[in-house]
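The opening residue of the sequence shown carries number 827 in the working numbering; numbering runs sequentially from there.
What follows is a set of notes on a single structure, which appears directly below.
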Amino acid sequence: MNAYIFPGQGAQFVGMGLDLYEKYPLAQQLFERANDILGFHITDLMFEGTVEDLKQTKVTQPAIFLHSVIMSKVLGDRFKPDMVAGHSLGEFSALVASNALNFEDGLKLVSKRALAMQKACELQPSTMAAVLGLEDDLVEQICSEIPGVVVPANYNCPGQLVISGEIEAINLACEKLKEAGARRALVLPVGGAFHSPLMEPAREELAAAIENTTFKTPSCLIYQNVPTIGVKDAEAIKANLIAQLTAPVKWTQSVQNMVKDGATLFTEVGPGKVLQGLVKKIHSSAETMSADLS
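Written out as structure tokens, the structure reads:
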């Protein structure tokens, strides 16, 4: 069975999407529509901007969403998923690609999400850290013993977990995790504690927008970060999407469930190959590839 997977924040690169814009009239049309919806020329920043331009949350999230979604649209009849999933932000791309959300509504929600997350980051200084080489349950236990807010945020693959929280709590957790045998516990260059309770103000803001948006039954099962199993019910999809901002991204568990349900080929749609690497670490015999437009 064919699983299509969509990357999240961090996959951006300068020049992303330019090949699609130049080669496919449909892509050009959708990119220009996106400029109108967003109220600024995101295409200029994607195609010719700097690394710093692309790092702005208000740019990063729509840029990755657009690259992924437009690629799925350009694939046309070749895009035939039996199931889809997205890593964090990528869940919005997966929902549009599987027709649960239309393009305009998906982009508006992603833009709203980015701005709401940025605001939440500014309310309280916070960060994230990557932890390598420890069992998930040990990381969970150590986080639970640290004073302040520090929680598991991204279960990326076995032995790779990202934690999220207040700066002091993260620094202390990194010390304790290294003492416990972590190969690395490295603070990441991010502006906030995504997928933690500190994103509650953003969750409330996004919830209102999601509730006012029409969702349809997707064309196939979507394995959402919350609850990691295949979902098709539109109301459940909305609730899971709202929960996602303050809950961890359970990518390991999602991929395990997709494999259990018959996925054999995982095709990454969008910038980069990060998810293919993670899938291989979760299930070594899975076949992976990037979406092929040739």
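Built from N, CA and C at the ideal position, the CB exists for glycine as well.
Considering only DSSP beta bridges, list what residue i is partnered with.
{"i": "G912", "result": "F832"}
{"i": "M1115", "result": "T1093"}
Got a sec? Which residues, its chain only, sit under 7 Å from residue i by beta carbon, not counting five neighbours each side?
{"i": "G974", "result": "G991, E992, E994 and A995"}
{"i": "I863", "result": "E930, L933 and K934"}
{"i": "G1088", "result": "M827"}
{"i": "L964", "result": "A1006"}
Using DSSP with H/G/I as helix, E/B as strand and the rest coil, what is residue i?
{"i": "M827", "result": "coil"}
{"i": "T876", "result": "coil"}
{"i": "P907", "result": "coil"}
{"i": "R859", "result": "helix"}
{"i": "A853", "result": "helix"}
{"i": "K1099", "result": "coil"}
{"i": "M842", "result": "coil"}
{"i": "L921", "result": "helix"}
{"i": "G865", "result": "coil"}
{"i": "G902", "result": "helix"}
{"i": "A837", "result": "coil"}
{"i": "L892", "result": "helix"}
{"i": "L1104", "result": "helix"}
{"i": "N928", "result": "coil"}
{"i": "Q882", "result": "coil"}
{"i": "D1087", "result": "coil"}
Take residue i and list the residues in its own chain whose beta-carbon comes closer than 6 Å to its own, dropping the five residues that flank it on each side.
{"i": "G843", "result": "M872 and H893"}
{"i": "V1085", "result": "H1109"}
{"i": "S898", "result": "F905, A923 and V1095"}
{"i": "G912", "result": "F832, S919 and A920"}
With a cut-off of 8 Å on the beta carbons, I'd call residue i and residue j a contact; round off their distance for me.
{"i": "F832", "j": "A889", "result": "13 Å between Cβ atoms; not a contact."}
{"i": "V1013", "j": "A955", "result": "5 Å"}
{"i": "I968", "j": "K1002", "result": "5 Å"}
Tell me which same chain residues have a C-beta within less than 8 Å of the C-beta of residue i, skipping the five on either side of it?
{"i": "P1023", "result": "V975, V977 and T1072"}
Check: In chain order, which continuous runs of the beta strand (DSSP E) of length 3 or greater are located wholly inside the region 1011 to 1084?
Finding: Counting only runs of 3 or more, we get 1047 to 1049.
Item checked: Continuous alpha helix (DSSP H) assignments of at least 4 residues falling wholly in the region 937 to 995 -> The qualifying runs are 962 to 971.
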